[in-house]
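What follows is a single structure, written as structure tokens, with notes after it.
Numbering (this note's numbering), first residue to last: 86 to 151.
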């Protein structure tokens, strides 16, 4: 019984690792629904996502001085 529990734990751990890896491969980019269609993008990113000290850039396809 103990071997089955260890096997299930290992399989679940590997499954969570695969899901986390797929999640972190997504680009660090957020679209904000506002009048200016703002987009927040990480300046640097690796396969694990963004680091705590990563700087972000906000862009808009319209003039934000309005």
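Note that the Cβ used here is the ideal one computed from N, Cα and C, for glycine as well.
#1: Please look up how many angstroms separate the CB atoms of residue 144 and residue 127, rounded, as I've assumed it's under 8 Å.
#2: Along the chain, where does the beta strand (DSSP E) that runs through residue 124 open and close?
#3: Would DSSP call residue 94 helix, strand or coil?
Put simply:
#1: Contact flag wrong, Cβ pair sits at about 12 Å.
#2: It spans 123-127 - the beta strand (DSSP E) in which residue 124 sits, taken as one unbroken run.
#3: In the structure shown, residue 94 sits in a helix (DSSP, three-state: H, G or I).
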